[in-house]
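Under our numbering, the first residue of the sequence shown carries the number 5, and numbering increases by one thereafter.
Ideal Cβ positions, reconstructed from N, Cα and C, are used throughout, including at glycine.
The block underneath contains the structure these notes are about, expressed in structure tokens.
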Amino acid sequence: MTQIRLLRLIGISEGISFLVLLSIAMPLKYYFGLPIAVKIVGWIHGGLFIAYIGIVLLSIRMMKWNFFQVLIALAASLIPLGTFFLDKSWKIRQEEFALRRVKRPLEGI
């Protein structure tokens, strides 16, 4: 699995866990008195959030991001649906990297 694919996978997973936390676990806690829902989903989301921050920081060099782009990628994890919006541009980058890998062996011929 390439690093950019891992970034996309963790980003989408983190975004889904954030939505589940806000739209399912929080109502279960506050409307139905089930705080265990927030505890379980919160732990999962927390782990994915830390993984997302880590993979963003590891991807700075590979993606050739400037400070503003890093700030956008980090801020996306704090905004509901933020990582989903970024995923489209990361998919384009993933396809560009894949094309470069295919072209490199052909250039030697």
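Taking contact to mean at least 3 C-beta pairs separated by less than 8 Å, is the stretch 22 to 31 in contact with the stretch 41 to 51? Remark: three or more beta-carbon pairs, one from each stretch, lie closer than 8 Å, so the stretch 22 to 31 and the stretch 41 to 51 are flagged as touching.
Where the alpha helix (DSSP H) containing Trp69 begins and where it ends: Translated into the one-based positions of the sequence shown, residue 69 becomes position 65. Where Trp69 is concerned, there is no enclosing alpha helix (DSSP H), given that its DSSP letter is neither H nor E.
Residue ranges of each alpha helix (DSSP H) within the stretch 25 to 88, 4 or longer: 30 to 36, 39 to 67 and 71 to 80
Sequence-distant residues of the same chain with beta carbon closer than 8 Å to Ile10, five excluded per side: Counting from 1 along the sequence shown, the entry for residue 10 is found at position 6. Reading the sequence as shown, one finds Leu at residue 10 and not Ile. Excluding positions up to five away in sequence, the list reads Ile59.
With 16 other Cβ atoms within 10 Å as the buried cut-off, status of Gly37: As a position in the sequence shown, residue 37 is number 33, starting the count at 1. That one is exposed.
Can you give the Cα-Cα distance for Ala29 and Ser17, rounded to whole angstroms? Walking along the sequence shown from the start, residue 29 turns up at place 25. Walking along the sequence shown from the start, residue 17 turns up at place 13. If you take the alpha carbons of Ala29 and Ser17, they lie about 16 Å apart.
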